[in-house]
Amino acid sequence: MWGLLFAVPSFVWALGGTVGARSTVAPSLVELARDRVPWFLAVLWVTGLLKVFGALIGFGLTRRRSLRLSRFLVFCGGGATVLLAWHGGLFVLHGLLVEAGAVSVDPDLVGLTRWYLYLWGPWFIVGGLAFAAAATRYAHRHDDRRGLRLLGGIGALGALLLSLASTVTGIG
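Under this note's numbering, the first residue of the sequence shown carries the number 205, and numbering increases by one thereafter.
What follows is the structure in C-alpha coordinates.
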(Lines of atoms letter the chains of each structure in order from A; the text may use other names.)
(Lines give C-alpha, C1' and ligand atoms only; values in the text may rest on other atoms or scores of the structure.)
Protein backbone atom coordinates (compact mmCIF):
# COMPACT_ATOMS: atom_id res chain seq x y z
CA MET A 205 0.00 0.00 0.00
CA TRP A 206 2.89 2.34 0.81
CA GLY A 207 4.19 2.15 -2.76
CA LEU A 208 0.79 2.73 -4.33
CA LEU A 209 0.09 5.72 -2.10
CA PHE A 210 3.52 7.08 -2.91
CA ALA A 211 2.91 6.69 -6.67
CA VAL A 212 -0.25 8.81 -6.70
CA PRO A 213 1.50 12.24 -6.51
CA SER A 214 3.89 11.29 -9.34
CA PHE A 215 1.00 10.40 -11.64
CA VAL A 216 -1.10 13.42 -10.59
CA TRP A 217 1.82 15.77 -11.25
CA ALA A 218 2.65 14.00 -14.55
CA LEU A 219 -0.96 14.55 -15.65
CA GLY A 220 -0.66 18.29 -14.97
CA GLY A 221 -2.00 18.59 -11.43
CA THR A 222 0.06 20.26 -8.76
CA VAL A 223 -2.06 19.31 -5.75
CA GLY A 224 0.21 19.26 -2.72
CA ALA A 225 3.27 20.14 -4.77
CA ARG A 226 3.35 23.89 -4.30
CA SER A 227 4.12 23.80 -0.59
CA THR A 228 5.86 20.42 -0.27
CA VAL A 229 8.18 20.17 -3.29
CA ALA A 230 10.99 22.40 -4.54
CA PRO A 231 9.58 25.33 -6.57
CA SER A 232 11.85 24.51 -9.52
CA LEU A 233 10.27 21.04 -9.74
CA VAL A 234 6.75 22.45 -9.51
CA GLU A 235 7.60 24.84 -12.34
CA LEU A 236 8.89 21.97 -14.52
CA ALA A 237 5.64 20.05 -13.93
CA ARG A 238 3.44 23.10 -14.46
CA ASP A 239 5.28 24.03 -17.69
CA ARG A 240 4.87 20.41 -18.89
CA VAL A 241 8.60 20.05 -19.68
CA PRO A 242 8.75 16.74 -21.61
CA TRP A 243 11.85 15.26 -19.97
CA PHE A 244 10.50 16.05 -16.51
CA LEU A 245 7.12 14.55 -17.32
CA ALA A 246 8.97 11.41 -18.41
CA VAL A 247 10.83 11.41 -15.07
CA LEU A 248 7.50 11.69 -13.23
CA TRP A 249 5.99 8.78 -15.18
CA VAL A 250 9.07 6.60 -14.69
CA THR A 251 9.17 7.49 -10.99
CA GLY A 252 5.49 6.63 -10.62
CA LEU A 253 6.00 3.31 -12.40
CA LEU A 254 8.99 2.50 -10.18
CA LYS A 255 6.81 3.15 -7.13
CA VAL A 256 4.16 0.79 -8.52
CA PHE A 257 6.95 -1.77 -9.14
CA GLY A 258 7.94 -1.31 -5.49
CA ALA A 259 4.35 -1.96 -4.48
CA LEU A 260 4.40 -5.19 -6.52
CA ILE A 261 7.62 -6.24 -4.77
CA GLY A 262 5.99 -5.49 -1.42
CA PHE A 263 2.90 -7.45 -2.41
CA GLY A 264 5.09 -10.32 -3.59
CA LEU A 265 6.69 -10.48 -0.15
CA THR A 266 3.32 -11.14 1.51
CA ARG A 267 3.09 -14.85 0.64
CA ARG A 268 5.38 -17.67 -0.24
CA ARG A 269 6.56 -17.84 -3.86
CA SER A 270 8.83 -20.09 -5.92
CA LEU A 271 12.50 -20.09 -4.89
CA ARG A 272 13.53 -18.16 -8.00
CA LEU A 273 10.91 -15.46 -7.47
CA SER A 274 11.65 -15.42 -3.73
CA ARG A 275 15.30 -14.65 -4.44
CA PHE A 276 14.35 -11.78 -6.71
CA LEU A 277 11.81 -10.38 -4.22
CA VAL A 278 14.17 -10.48 -1.23
CA PHE A 279 17.06 -9.04 -3.29
CA CYS A 280 14.83 -6.13 -4.38
CA GLY A 281 13.42 -5.76 -0.87
CA GLY A 282 16.92 -5.41 0.57
CA GLY A 283 17.82 -2.83 -2.06
CA ALA A 284 14.61 -0.87 -1.55
CA THR A 285 15.22 -0.85 2.20
CA VAL A 286 18.55 0.93 1.83
CA LEU A 287 17.57 3.24 -1.05
CA LEU A 288 14.50 4.53 0.76
CA ALA A 289 16.05 4.79 4.22
CA TRP A 290 19.16 6.50 2.80
CA HIS A 291 17.14 9.01 0.79
CA GLY A 292 14.84 9.79 3.71
CA GLY A 293 17.78 9.99 6.09
CA LEU A 294 19.45 12.59 3.89
CA PHE A 295 16.26 14.68 3.88
CA VAL A 296 16.00 14.46 7.66
CA LEU A 297 19.69 15.19 8.21
CA HIS A 298 19.59 18.23 5.93
CA GLY A 299 16.43 19.49 7.63
CA LEU A 300 17.96 19.06 11.08
CA LEU A 301 21.09 20.93 9.99
CA VAL A 302 18.95 23.78 8.64
CA GLU A 303 16.85 23.88 11.83
CA ALA A 304 20.05 23.93 13.95
CA GLY A 305 21.46 26.78 11.87
CA ALA A 306 24.46 24.73 10.70
CA VAL A 307 23.33 24.98 7.06
CA SER A 308 21.64 27.98 5.54
CA VAL A 309 19.02 28.00 2.83
CA ASP A 310 17.20 30.77 1.04
CA PRO A 311 14.61 32.13 3.51
CA ASP A 312 11.87 31.35 0.99
CA LEU A 313 12.83 27.66 1.20
CA VAL A 314 12.82 27.24 4.99
CA GLY A 315 9.17 26.12 4.97
CA LEU A 316 9.91 23.68 2.17
CA THR A 317 12.88 22.31 4.11
CA ARG A 318 10.53 21.57 7.00
CA TRP A 319 8.25 19.58 4.67
CA TYR A 320 11.27 17.46 3.71
CA LEU A 321 12.27 17.13 7.38
CA TYR A 322 8.83 16.27 8.77
CA LEU A 323 7.02 14.65 5.81
CA TRP A 324 9.13 13.42 2.92
CA GLY A 325 12.16 12.24 4.90
CA PRO A 326 10.14 10.22 7.42
CA TRP A 327 7.89 8.93 4.61
CA PHE A 328 10.92 7.50 2.79
CA ILE A 329 12.31 6.06 6.04
CA VAL A 330 8.97 4.40 6.87
CA GLY A 331 8.94 2.87 3.40
CA GLY A 332 12.47 1.56 3.90
CA LEU A 333 11.53 0.08 7.26
CA ALA A 334 8.42 -1.51 5.73
CA PHE A 335 10.55 -3.19 3.06
CA ALA A 336 13.06 -4.32 5.71
CA ALA A 337 10.29 -5.87 7.79
CA ALA A 338 8.61 -7.52 4.80
CA ALA A 339 11.84 -8.97 3.37
CA THR A 340 13.06 -10.15 6.77
CA ARG A 341 9.74 -11.76 7.63
CA TYR A 342 9.53 -13.36 4.20
CA ALA A 343 13.06 -14.82 4.42
CA HIS A 344 12.44 -16.05 7.95
CA ARG A 345 9.37 -18.04 6.87
CA HIS A 346 11.07 -19.58 3.82
CA ASP A 347 12.98 -22.90 3.68
CA ASP A 348 16.07 -21.19 2.21
CA ARG A 349 16.41 -18.60 5.00
CA ARG A 350 20.17 -18.35 4.81
CA GLY A 351 20.28 -17.94 1.03
CA LEU A 352 17.51 -15.37 1.02
CA ARG A 353 19.13 -13.37 3.82
CA LEU A 354 22.36 -13.36 1.83
CA LEU A 355 20.56 -12.11 -1.29
CA GLY A 356 18.76 -9.44 0.75
CA GLY A 357 22.13 -8.35 2.12
CA ILE A 358 23.64 -8.24 -1.37
CA GLY A 359 20.70 -6.13 -2.58
CA ALA A 360 21.14 -3.82 0.39
CA LEU A 361 24.91 -3.52 -0.15
CA GLY A 362 24.42 -2.79 -3.84
CA ALA A 363 21.88 -0.09 -3.00
CA LEU A 364 24.24 1.38 -0.41
CA LEU A 365 27.09 1.56 -2.93
CA LEU A 366 24.77 3.11 -5.51
CA SER A 367 23.53 5.64 -2.94
CA LEU A 368 27.04 6.55 -1.82
CA ALA A 369 28.20 6.94 -5.43
CA SER A 370 25.26 9.16 -6.32
CA THR A 371 25.76 11.28 -3.19
CA VAL A 372 29.51 11.69 -3.79
CA THR A 373 29.02 12.59 -7.46
CA GLY A 374 26.07 14.86 -6.72
CA ILE A 375 23.81 12.99 -9.12
CA GLY A 376 21.05 12.04 -6.73
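Each residue gets a CB set at the ideal place from its N, CA and C atoms; glycine is no exception. Model, not experiment: these values are computed from the prediction.
Query, Result
"Heavy atom of the ligand GTP within 8 Å of alanine 289 beta-carbon", "The ligand GTP is absent from the structure shown, which contains no ligands of any kind."
"Close beta carbons around alanine 289, own chain, < 6 Å, minus the five adjacent residues each side", "Ile329 and Gly332"
"Inter-stretch contact (C-beta, 8 Å, three-pair minimum) for the stretch 341–354 and the stretch 270–285", "yes"
"Burial state of leucine 306 (16 or more Cβ within 10 Å)", "Per the sequence shown, residue 306 should be read as alanine rather than leucine. Alanine 306 should be labelled exposed."
"Beta-carbon proximity of valine 302 to valine 314, cut-off 9 Å", "yes"
"Backbone secondary structure at serine 370 - three-state DSSP", "helix"
"Proximity of phenylalanine 279 and glycine 207 at Cβ, strictly below 9 Å", "no"
"Helix, strand or coil at leucine 219 according to DSSP, with G and I counted as helix", "coil"
"Nearest-angstrom Cα separation, counted from alanine 334 out to leucine 245", "28 Å"
"Close beta carbons around leucine 294, own chain, < 8 Å, minus the five adjacent residues each side", "Gly325 and Thr371"
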